[in-house]
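Below: one structure, written as structure tokens.
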């Protein structure tokens, strides 16, 4: 047996489903027939797709610590990659538009020229995952380790991976369902025949899923809130019926649900973190190593990850609200400045908003900051969405679960800790004052 001789194959298939919008850009920028700043990558038939390289890149980063990493993913010197992943054409998802604006951290207002818009593939789109691992003679002595790593890869795919751009702001979450992984051992005649005749292999590999709350390196929050009154995440793409009523903006939706975009939540948390730093007389630039930074060619990847929040519409009512723009000098209304929006009002005290955020490889002082961010949102000190100046977007915390350093803390009514050591959690929160001085 030579090192290059193929001794077996592992075939993996499954149905990849987008759990949140996906943005993989085509790099074209604004064109004469598409004025969006970023366009979705499409194949020659105009169908959006996920390049196999995107999935392989994510798995390569996640499993870089594996014992058999080089032999599976390859390196520049000794091994070629054993993994092949086909491009995934997506169906069942529409191309949606989102927009954003760069916010001045000091004033909380938009930066001049910081407005941009982009396309994305809506959640719910799906496509077939086809992955092949070619096993050669150089893998023979480590087959069991490779199968173990493949089982962990399957668990990762089943639990969810993040693809494309804006992943720290809730985009690109994809899960693979109906996973099937078969190991064809070419030292066995039956498996050779099964491979050639496209029959199932005798040996199947099952996913091994890691409980993310058990990862002591990460700080994880899952919290539930209710809206105190109303909110609006402005969407200016309105129906003909709303246009006839002179409504200029409605609240953004994802499929049938109202949505609080991850971009909005991340912006809220960052702005509040800068406010906290200002009060503690800390340099806000220290946040770059946590929340990311991009200016020209200088880039720092964010470790603060926020999920999009989808809100079922049953407990809400959309209400037309007419307003006038006021002349700040006279105090009177400006001529022709009447406008209407359609905010969303919560009808009950039910916990309708779920927020998930986490810090990967969290330091204690970073966890402390996150606790303060949760507290300020819980107490209604920060608001979500637009029209904050007239009281929209404040929420009240109902319950929360915090996982850090292998310990779970549960919060109930009025923020009371109902599970976990309250003093220990307080000490973690207080560590933010000594940013950078503890681990």
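Numbering (the working numbering), first residue to last: 3 to 441.
Beta carbons: idealized from backbone N, C-alpha and C, even for Gly.
Using beta-carbon positions only, say whether residue 21 and residue 175 come within less than 8 Å of one another.
Working through the chain shown from its first residue, we reach residue 21 at position 19. Working through the chain shown from its first residue, we reach residue 175 at position 173. Against a cut-off of 8 Å, the Cβ pair of residue 175 and residue 21 comes out as a contact.
Spatial neighbours of residue 244 within its chain, please: C-beta separation below 8 Å, excluding the five flanking residues on both sides.
The residue given as residue 244 occupies position 242 in the chain shown. Excluding residues within five positions, the ones whose Cβ falls inside 8 Å are 252 and 344.
What are the residues that DSSP puts in a beta bridge with residue 320?
If you number the chain shown from 1, residue 320 lands on position 318. According to DSSP, residue 320 bridges with 346.
Mind checking who residue 411 pairs with in its DSSP beta bridge?
Start at 1 with the first residue of the chain shown, and residue 411 comes out as number 409. Beta-bridge pairing links residue 411 to 404.
Helix, strand or coil at residue 76 [DSSP, three-state]
On the chain shown, position 74 is the one that residue 76 refers to. Reduced to three states, the DSSP call for residue 76 is coil.
For residue 42 and residue 64, which I take to be in contact (beta-carbon distance under 8 Å), what is that distance rounded to the nearest angstrom?
Start at 1 with the first residue of the chain shown, and residue 42 comes out as number 40. Start at 1 with the first residue of the chain shown, and residue 64 comes out as number 62. Actually they are not in contact, since the Cβ atoms of residue 42 and residue 64 sit about 24 Å apart, beyond 8 Å.
Residue 347 and residue 321: beta carbons closer than 8 Å?
Within the chain shown, the letter at position 345 stands for residue 347. Within the chain shown, the letter at position 319 stands for residue 321. With respect to the 8 Å criterion, residue 347 and residue 321 are classified as neighbours on the basis of their beta carbons.
Where does residue 168 fall in DSSP's three states?
Your numbering for residue 168 matches position 166 in the chain shown. It is coil, neither helix nor strand.
Residues in the same chain with beta-carbon distance under 7 Å from residue 202, minus the five sequence neighbours each way, listed in chain order, please.
Working through the chain shown from its first residue, we reach residue 202 at position 200. Closer than 7 Å at Cβ, skipping near neighbours: 184 and 196.
If you count every other CB in all the chains shown that lies within 10 Å of the CB of residue 100, and 16 or more means buried, which is it?
As a working mapping, residue 100 is identified with position 98 in the chain shown. The residue is buried, with at least 16 neighbouring Cβ atoms inside 10 Å.
What are the complete alpha helix (DSSP H) segments, minimum 4 residues, inside the stretch 49–76?
54–64 and 71–75
From 349, 404, 316 and 288, pick the residue whose C-alpha is nearest to that of residue 304; which is it?
On the chain shown, residue 304 is found 302 positions in, with the first residue counted as 1. Of the candidates 349, 404, 316 and 288, the one whose C-alpha sits nearest the C-alpha of residue 304 is 288.
Which value, in whole angstroms, describes the spacing of the CA atoms of residue 227 and residue 411?
For the purposes of this step, residue 227 is taken as residue 225 along the chain shown, with counting starting at 1. For the purposes of this step, residue 411 is taken as residue 409 along the chain shown, with counting starting at 1. Taking the Cα positions, residue 227 is about 17 Å away from residue 411.
Between residue 26 and the rest of its own chain, which residues show a CB-CB distance below 6 Å, the 5 nearest in sequence each way excluded?
Walking along the chain shown from the start, residue 26 turns up at place 24. 43 and 166, listed in sequence order.
Any contact between the stretch 367–381 and the stretch 186–200? By contact I mean 3 or more CB pairs, one from each, below 8 Å.
No, they do not touch.
Please return the same chain residues whose Cβ sits closer than 6 Å to the Cβ of residue 229, not counting the five positions on each side in sequence.
Mapped onto the chain shown, residue 229 falls at position 227. Once the five neighbours on either side are set aside, the close Cβ partners of residue 229 are 348 and 397.
Neighbourhood of residue 127 by C-beta, 6 Å cutoff - its chain only, sequence neighbours within 5 removed
Residue mapping note: residue 127 aligns to position 125 of the chain shown, counting from 1. The residues are 20, 92, 94 and 95.
Could you give the DSSP three-state label for residue 125: helix, strand or coil?
Along the chain shown, read from residue 1 onward, the residue named residue 125 stands at position 123. Looking at residue 125 - three-state DSSP - the assignment turns out to be coil, as it is neither helix nor strand.
Cutoff 6 Å; reference residue 205; Cβ partners in own chain excluding five residues on either side:
Mapped onto the chain shown, residue 205 falls at position 203. If we look at residue 205 and ignore the five residues flanking it on each side, its Cβ neighbours are 185.
Own chain residues within Cβ distance below 8 Å of residue 5, not counting five before or after
Position 3 of the chain shown, counted from the start, is the residue given in the question as residue 5. Excluding residues within five positions, the ones whose Cβ falls inside 8 Å are 138, 139 and 140.
Enclosing alpha helix (DSSP H) for residue 153 [first to last residue]
The count along the chain shown starts at 1 and reaches residue 153 at position 151. Where residue 153 is concerned, the enclosing alpha helix (DSSP H) stretches over 145–161.
Closest Cα partner of residue 237 within the set 388, 439, 16 and 75:
Within the chain shown, residue 237 is the residue found at index 235, counting from 1. The shortest C-alpha separation from residue 237 is found at 388.
Buried or exposed: where does residue 405 fall if 16 or more other Cβ atoms within 10 Å of its Cβ makes it buried?
The residue you call residue 405 lines up with position 403 of the chain shown. Residue 405 should be labelled buried.
Mind reading off the beta-carbon distance from residue 263 to residue 235? Whole number of angstroms is fine, and I expect it under 8 Å.
In the chain shown, counting from the first residue as 1, residue 263 sits at position 261. In the chain shown, counting from the first residue as 1, residue 235 sits at position 233. At roughly 7 Å, the Cβ-Cβ gap stays under 8 Å, so residue 263 and residue 235 are in contact.
Cβ shell of residue 187 (< 6 Å), same chain only, five flanking positions each side left out:
Residue 187 sits at position 185 when you count from the first residue of the chain shown. Once the five neighbours on either side are set aside, the close Cβ partners of residue 187 are 10 and 193.
Near residue 171, what residues of its chain come up, given a Cβ to Cβ distance below 7 Å and the 5 sequence neighbours on each side ignored?
Locating residue 171 in the chain shown gives position 169, where the first residue counts as 1. Contacts found: 264, 265, 268 and 308.
Identified DSSP bridge partners for residue 136:
Here residue 136 is taken as the residue at index 134 of the chain shown, counted from 1. The partner list for residue 136 (beta bridge, DSSP) reads 11.
How close, in whole Å, do the beta carbons of residue 361 and residue 220 come, if the pair is a contact with beta carbons under 8 Å?
Position 359 of the chain shown, counted from the first residue, corresponds to residue 361. Position 218 of the chain shown, counted from the first residue, corresponds to residue 220. 7 Å between Cβ atoms; contact.
Looking at the structure shown, is residue 241 part of a helix, part of a strand, or coil, going by DSSP?
Counting from one through the chain shown, the residue named residue 241 turns up at place 239. Reduced to three states, the DSSP call for residue 241 is coil.
For residue 43, the three-state DSSP class (helix, strand or coil):
Within the chain shown, the letter at position 41 stands for residue 43. Note: residue 43 maps to coil in three-state DSSP.
Best match in 76, 78, 286 and 435 for proximity to residue 374 [C-alpha to C-alpha]:
Taking the chain shown and counting its residues from 1, the one referred to as residue 374 is at position 372. Selected option, being the one with the closest Cα: 435.
Taking Cβ to Cβ, would you say residue 285 is nearer than 8 Å to residue 302?
For the purposes of this step, residue 285 is taken as the residue at position 283 of the chain shown. For the purposes of this step, residue 302 is taken as the residue at position 300 of the chain shown. Taking 8 Å as the Cβ cut-off, residue 285 and residue 302 do not qualify as a contacting pair.
Considering only their Cβ atoms, is the gap separating residue 422 from residue 409 smaller than 8 Å?
For the purposes of this step, residue 409 is taken as the residue at position 407 of the chain shown. For the purposes of this step, residue 422 is taken as the residue at position 420 of the chain shown. For the pair residue 409 and residue 422, the CB atoms are nearer than the 8 Å cut-off.
Starting from residue 280, trace the alpha helix (DSSP H) both ways and give me its first and last residue.
As a first step, residue 280 is located in the chain shown; it is residue number 278 there, counting from the start. Per DSSP, residue 280 belongs to the alpha helix (DSSP H) from 264–281.
I think residue 55 touches residue 132, with their Cβ atoms under 8 Å apart; what is that distance to the nearest whole Å?
Walking along the chain shown from the start, residue 55 turns up at place 53. Walking along the chain shown from the start, residue 132 turns up at place 130. In fact, because the Cβ distance is near 14 Å, the residues do not count as touching under 8 Å.
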